[in-house]
Amino acid sequence: QLQASGGGLVQAGESLRLSCAASGSIFPRNVMGWYRQTPGKQRELVAAITSSGTTNYADSVKGRFIISRDNAKNTVNLQMNSLKPEDTAVYYCTLRWIWEREPQIWGQGTEVTVSS
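Numbering (my numbering), first residue to last: 188 to 303.
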């Protein structure tokens with residue numbers, strides 16, 4: 188199970204930090220990440236991080252967002268800086284096993300709204 192928190196309303200240029208905690212039995216070799224979705228658009232991968240620390244970012248957030256994790260606590264964070272109105276979306280925390288291509292576990296969404 189994944190529990191996300193940290194969404195909210197901010198102005199363009201400001202920052203937000205999303206957090207997500209995994210509970211239950213978690214296979215140690217996994218990838219935790221964040222997807223986002225806006226109405227009428229496909230869900231997109233924002234950032235992901237493997238249990239060994241390898242990261243992957245969508246081009247649209249490179250240089251602005253930073254994903255990090257604490258393996259001992261099974262938590263993942265997304266530091267979002269220099270937010271833009273186009274970052275407005277519902278953000279979902281995810282977890283997949285290292286050998287899978289798609290997430291097996293999705294958290295509840297947390298809404299991020301960036302006003303111009």
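Using N, Cα and C, we set each Cβ at its ideal position, and we do this for glycine too.
Fill in: Local conformation of E287 per DSSP, three classes
The count along the sequence shown starts at 1 and reaches residue 287 at position 100. E287: coil per DSSP, three-state reduction.
Worksheet item: Helix or strand or just coil, what does DSSP make of E298?
Response: Along the sequence shown, one-based indexing puts residue 298 at 111. In the structure shown, E298 sits in a strand (DSSP, three-state: E or B).
Worksheet item: Just to confirm, are A199 and P290 a CB contact at a threshold of 7 Å?
Response: Within the sequence shown, the letter at position 12 stands for residue 199. Within the sequence shown, the letter at position 103 stands for residue 290. Contact flag unset, no.
Practice prompt. Would you mind sorting D274 into buried or exposed? The rule is 16 or more other CB atoms within 10 Å of its CB.
Written response: Walking along the sequence shown from the start, residue 274 turns up at place 87. D274 should be labelled buried.
Worksheet item: Exposed or buried, what is W286 when buried is set at 16 or more other beta-carbons lying within 10 Å of its beta-carbon?
Response: Locating residue 286 in the sequence shown gives position 99, counting from the first residue. Per the 10 Å Cβ criterion, exposed.
Item to complete: Kindly indicate which three-state DSSP category E273 falls into: helix, strand or coil?
Response: Sequence index remark: in the sequence shown, residue 273 carries index 86 (1-based). Three-state DSSP puts E273 in a helix.
Discussion item. Between the region 219-229 and the region 247-265, can you find at least three pairs of beta-carbon atoms closer than 8 Å?
Written reply: yes
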